[in-house]
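A.B. asks: Okay, handing you the structure first.
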Amino acid sequence: MSAQEIFMIVLRFAVISVLIYFAIAVGLILSQSPSETVAGETIDFSGQAVSATAKPVPLETYQTRDGSSLGYRHYRSGKADAPLLVFLHGSGWHGGAYDGLARNIAEEAGVEVALPDLRGHGPSPQTRGDIAYIGQFEDDIADLVDTLRKPGQPLILGGHSSGGGLVIRYAGGKYGQTLDGAVLLAPFLKYDAPTTRPNSGGWARPLTRRIIGLSMLNTVGITGLNGLTAIQFNFPGEVLNGAQGETATAHYSYRLNTAYAPRSDYLSDIAALPPFLLLAGAEDESFNAQAYEPTMQQVNPNGTYELLDGKSHLAIISDDRTAGLIAAFVKALPTGGNARRRRLESRPTGRLTRCLPPMELG
Numbered sequence: 001m002s003a004q005e006i007f008m009i010v011l012r013f014a015v016i017s018v019l020i021y022f023a024i025a026v027g028l029i030l031s032q033s034p035s036e037t038v039a040g041e042t043i044d045f046s047g048q049a050v051s052a053t054a055k056p057v058p059l060e061t062y063q064t065r066d067g068s069s070l071g072y073r074h075y076r077s078g079k080a081d082a083p084l085l086v087f088l089h090g091s092g093w094h095g096g097a098y099d100g101l102a103r104n105i106a107e108e109a110g111v112e113v114a115l116p117d118l119r120g121h122g123p124s125p126q127t128r129g130d131i132a133y134i135g136q137f138e139d140d141i142a143d144l145v146d147t148l149r150k151p152g153q154p155l156i157l158g159g160h161s162s163g164g165g166l167v168i169r170y171a172g173g174k175y176g177q178t179l180d181g182a183v184l185l186a187p188f189l190k191y192d193a194p195t196t197r198p199n200s201g202g203w204a205r206p207l208t209r210r211i212i213g214l215s216m217l218n219t220v221g222i223t224g225l226n227g228l229t230a231i232q233f234n235f236p237g238e239v240l241n242g243a244q245g246e247t248a249t250a251h252y253s254y255r256l257n258t259a260y261a262p263r264s265d266y267l268s269d270i271a272a273l274p275p276f277l278l279l280a281g282a283e284d285e286s287f288n289a290q291a292y293e294p295t296m297q298q299v300n301p302n303g304t305y306e307l308l309d310g311k312s313h314l315a316i317i318s319d320d321r322t323a324g325l326i327a328a329f330v331k332a333l334p335t336g337g338n339a340r341r342r343r344l345e346s347r348p349t350g351r352l353t354r355c356l357p358p359m360e361l362g
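Counting from 1, one number per residue, gives the positions in the sequence shown under full-length UniProt numbering.
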């Protein structure tokens, strides 16, 4: 057999392999579509902070690098040396749900707080449930920080649920070295992390086959289908039909969903976190709260872990203990920016998880 014949056989095999790869990817994408509704039990929304009578701080806007105007709520502490806490909402909702928590943190800790409505969310997004590219959330957060942060001001990034996952992603990305601390309320680590319950306790319906197909295309640099819906959320009917229903975001594109979570090697992102507080409800329906510390402590010893006895995934937002624990954590951080750069190599071991009873403020 000549060299040319061998070359043609190899070439034919390579072409067939590529065609099979793309056929599998496209087949997986086409095999699954969003449903009109998501059925089944979901997480408990009874303690949700946004109600028909709630009047959160009005939205202000800031400019992003692509020229967009995005909304955020601003809670000023009145202290010249106040650290800045940018707090990120969880999936499907917006910053208004955390208005009460932000007010309490600003008052108890003397912290300047910003609650952004992440791109694709809130009352009037440009494109609900979608962004332009994976990584745009991180760029938007950096632009908000540049808008608000004073020279030398300590910066803390916080978030709840998927917002907490975005904090972890941010810490492991190109802006991570700007952080002095992090606050994680029941954060999403990854779909395959020991902390994650199946379908996040009924809240999420991922289009798994479609996600796999899109991931295959992204692996070879094809991103043109990243705007397709990849996950849906199981909002209760009373929420969707209520006063805030039109502000809910019930589905995400592949690129938004990917941008909202830690990277595939989520432990590397966790390892990059600055000193952090992790707080979760002991009865969290979406995540196994007891698994946070053993999962994260193995790669990052800088965490403090608190479990709120009897509290669910959403109930921790409005629990009276949450703001107090965050205030205590912030006050204990070194002052002056950037404290992270001054950390010693001999780091303290992580603090043991406490399960706080309902009236203990820690």
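All residues carry an ideal CB built from backbone N, CA and C; glycine is no exception. As the structure is a computational prediction, the values presented were derived from the model and not from experiment.
1. What separation, rounded to the nearest whole angstrom, lies between the Cα atoms of Arg-128 and Glu-41?
2. Under the rule that 16 or more other beta-carbon atoms within 10 Å means buried, what is Ser-161, buried or exposed?
3. Since Tyr-98 contacts Leu-166 with CB under 8 Å, what's their CB separation in whole angstroms?
4. Taking the alpha-carbon positions, what's the residue 390 to His-89 distance?
5. Is Ala-109 near Leu-144, with beta carbons less than 8 Å apart?
6. Among the candidates Thr-178, Ser-124, Gly-135, Gly-172, whose CA atom is the shortest distance from the CA of Lys-150?
7. Going by the DSSP bridge assignment, what does Arg-73 pair with across the sheet?
8. Name, in chain order, the residues that DSSP records as bridge partners for Phe-287.
9. Can you give me the Cβ contacts of Ala-52 inside the same chain, cut-off strictly under 7 Å, excluding the 5 residues immediately before and after it?
10. Checking 8 Å against the spacing of the C-beta atoms, do Ser-318 and Glu-283 come in under that value?
11. Strictly by DSSP, which residues pair up with His-251?
12. Looking only at its chain, what residues have a beta carbon closer than 7 Å to the beta carbon of Leu-157, apart from the 5 residues adjacent to it on each side?
13. May I ask you to verify whether the region 208–224 touches the region 9–25, counting CB pairs closer than 8 Å and requiring at least 3?
14. Can you list, in chain order, the residues of its chain whose CB lies under 7 Å from that of Ala-193, leaving out five sequence neighbours each side?
15. Phe-87 by DSSP, collapsed to three states: which one?
16. I'd like to check one pair, Phe-45 with Leu-314: are the Cβ atoms closer than 8 Å?
17. Leaving out five residues on either side along the sequence, give the residues of the same chain with a beta carbon under 7 Å from the beta carbon of Tyr-254.
18. Under 6 Å Cβ to Cβ from Gly-201, same chain only, skipping five residues before and after it: list those, please.
19. Quick one: Cα of Ala-332 to Cα of Thr-304, how far?
20. Starting from Leu-101 and walking both ways along the beta strand (DSSP E), at which residues does that stretch end?
21. Gly-78: buried (16+ other C-beta within 10 angstroms of its C-beta) or exposed?
22. Can you grab the Cα-Cα spacing for the pair Gln-298 / Ile-270, in whole Å?
23. What do you get for Met-359, buried or exposed, if any count of 16 or more other CB atoms within 10 angstroms of its CB means buried?
24. Do you know how far the Cα of Ser-31 is from the Cα of Gly-96?
25. Just to check my reading of the structure: Ile-131 and Leu-256 have Cβ atoms closer than 8 Å, yes? What is that Cβ distance to the nearest angstrom?
C.D. replies: Per the coordinate set shown:
1. Their backbone Cα atoms lie some 24 Å apart in a straight line.
2. Ser-161 comes out buried.
3. About 14 Å separates the two Cβ atoms, so there is no contact after all.
4. Residue 390 lies beyond the stretch modelled for the chain, which goes from 1 to 362, so this question has no answer here.
5. Not in contact: Ala-109 and Leu-144 (Cβ atoms no closer than 8 Å).
6. The shortest C-alpha separation from Lys-150 is found at Thr-178.
7. Its beta-bridge partners are Leu-115.
8. BP columns for Phe-287 point to Thr-196.
9. Residue placement at Ala-52 is poorly supported in this model, since its pLDDT is 39, which falls under 50; the coordinates still yield a value, given next. A distance below 7 Å between beta-carbons, with the five flanking residues on each side excluded, links Ala-52 to the following residues of its chain, in chain order: Gly-242, Ala-243.
10. Ser-318 is not a Cβ neighbour of Glu-283, given a cutoff of 8 Å.
11. For His-251, which the question treats as bridged, DSSP gives the partners Gln-232.
12. Excluding residues within five positions, the ones whose Cβ falls inside 7 Å are Val-86, Val-167, Tyr-170, Leu-179, Ala-182.
13. The region 208–224, when compared against the region 9–25, does touch it at the 8 Å Cβ threshold.
14. Excluding positions up to five away in sequence, the list reads Tyr-266, Thr-295.
15. Three-state result, Phe-87: strand.
16. Yes. Within cutoff.
17. Within the same chain, Tyr-254 has close Cβ partners Ile-211, Leu-214, Asn-226, Leu-228, Ala-230.
18. Same-chain partners within the cutoff: Ile-43, Glu-285, Ser-286.
19. Going from the Cα of Ala-332 to the Cα of Thr-304 covers about 12 Å.
20. No beta strand (DSSP E) holds Leu-101; the alpha helix (DSSP H) holding it covers 99–109.
21. If you draw a 10 Å sphere on the C-beta of Gly-78, you find fewer than 16 other C-beta atoms in it, and that means exposed.
22. In a straight line, the C-alpha of Gln-298 is about 10 Å away from that of Ile-270.
23. Confidence in Met-359 is poor, its pLDDT being 41 and thus under 50, which makes the residue's placement too unreliable to answer from.
24. In this structure, the alpha-carbon of Gly-96 lies about 37 Å from that of Ser-31.
25. Indeed they touch by this definition, with Cβ atoms about 5 Å apart.
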